[in-house]
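Below you'll find the structure, written out as C-alpha cells, and then a few comments.
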Amino acid sequence: MPAAKAPATLTLTGAIQGARETIPFMPGLAAFGMAFGAAAAQKGMTLAEACLSSGLVFAGLAQMVALEGWTRNWTFSALIALGLLTFTINLRHVLMAAAMRPWLGQLPAWQSYASLLLLADNNWAAAMRYRTEGGSDVGYFVGAGFITWVLWVVSTAAGHIVGGGVPDPKAIGIDLVVPAFFVAMLLPNWRGRREAVGWGTAAVTSLAASYLLPGWWFIAIGAVAGAFAGGFTDDER
44 MPAAKAPATL TLTGAIQGAR ETIPFMPGLA AFGMAFGAAA AQKGMTLAEA CLSSGLVFAG
104 LAQMVALEGW TRNWTFSALI ALGLLTFTIN LRHVLMAAAM RPWLGQLPAW QSYASLLLLA
164 DNNWAAAMRY RTEGGSDVGY FVGAGFITWV LWVVSTAAGH IVGGGVPDPK AIGIDLVVPA
224 FFVAMLLPNW RGRREAVGWG TAAVTSLAAS YLLPGWWFIA IGAVAGAFAG GFTDDER
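The structure is reproduced here in C-alpha cells:
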C-alpha cells in the first residue's frame, strides 16, 4: 500500500539523499558515458566538443543516435533530419515531465522548471519511485540529476581520451552498454502486469521495426506501441 503523498518541498537534505541513493547506478552510467565519449572520438569530435555535447545537451540516448549521422560537412537537409530524429527520441521527456507535474507543480515556477533542466531517465525513475513511496522532497530529484550530470560529463571525457585509441569500439562490446544500462534502470520499477504488457509490446514492436525500417524509427514506434498497450492495460483485472 503506497504511503500518503505529502506536499512538495525542496531542500539540500533531499538533494543529498537523492545523490546518495543514485550511486548504485553510477557504474552503468559511467560505462554509458564512456561509450559515448569513445564513439565521439571515433567520429572525429574533439574532447571539448564531446564534453560540451554532454554538458549542454545532457541526453544520452539522443547523443548516441546523433553520432550515427554526425559529419564534418553538414547540409541543411542533414541538419533538419538530425534535428527531427533527436526530437522524436526525446519526446519521451514530455511524458516524463508531465508525470511529475502533480509533484513539481506545487513549487514556484522558477524552482520546478529549473529542476527539470536535470531531467534524465535514471533520476526520473528513481524520483518517481521515491514519490510513490511517499517522499515529498523535490531535492531528491535534483540531487540525483546533478550527480548524474557531473558523472555524465566526466565519463564522456574519460571515454574520449581512452576510446580515441580503440580501432573498433564494438569489438570490445561498447555497443552493448546502452541497452544493458536501460535494462538495469527499468527493473527496479517493475510492479506487475501493466509493465509486462507495455514493456513486452514495446520490445517486440521495436525489434520488428528495426528489421523492417531503416534508421532509428524503431525507437519511436516501439515507444508509442508500448505506451498504448500499457494505457489499455487494467491492473484491476
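According to the working numbering, the residues represented by the sequence shown are 44 to 280, in order.
Note that CB positions come from ideal geometry on N, CA and C, so glycine has one too.
Would you call the CB atoms of A281 and T191 closer than 9 Å? Any property of residue 281 remains undetermined from this structure, which presents the chain solely from 44 to 280.
| Where does T52 fall in DSSP's three states? | In the structure shown, T52 sits in a strand (DSSP, three-state: E or B).
- prompt: If you draw a straight line from the C-alpha of V161 to the C-alpha of V137, how long is it?
  reply: Looking at the sequence provided, one finds Leu at residue 161 rather than Val. Whole-angstrom Cα-Cα distance: 13 Å.
>> Quick check for students: name the residue ranges of the alpha helix (DSSP H) that lie wholly in the segment 124-169, counting only runs of 4 or more.
In response: Taking only runs of at least 4 residues, the alpha helix (DSSP H) segments lying wholly in the segment 124-169 are 135-142, 144-147 and 152-158.
Given A81 as reference, the closest of G269, F101, A200 and V267 once Cα atoms are compared: If we check each option's Cα against that of A81, A200 comes out closest.
task = Report yes if the CB atom of A83 is closer than 9 Å to the CB atom of L104, and no otherwise.
result = It is not a contact, given that the beta carbons lie outside the stated cut-off.
Using CA coordinates, which residue listed in L99, T65 and A93 is at the minimum distance from M77?
Selected option, being the one with the closest Cα: A93.
Next item on the list: Output the distance between the C-alpha atoms of G182 and E176, rounded to the nearest integer angstrom.
Entry: Rounded to the nearest angstrom, the two C-alpha atoms are 15 Å apart.
**Asked** G188: which of I262, L134 and R63 sits nearest, CA to CA?
**Response** If we check each option's Cα against that of G188, R63 comes out closest.
Can you tell me which of F79, A74 and Q60 puts its alpha carbon nearest to the alpha carbon of H203? Residue F79 is the option with its Cα nearest to H203.
What span of residues does the alpha helix (DSSP H) with V100 cover, start to end? Annotation: V100 is outside any alpha helix (DSSP H) and is labelled neither H nor E by DSSP.
What's the C-alpha gap between L250 and T131?
-> Cα to Cα, L250 sits roughly 18 Å from T131.
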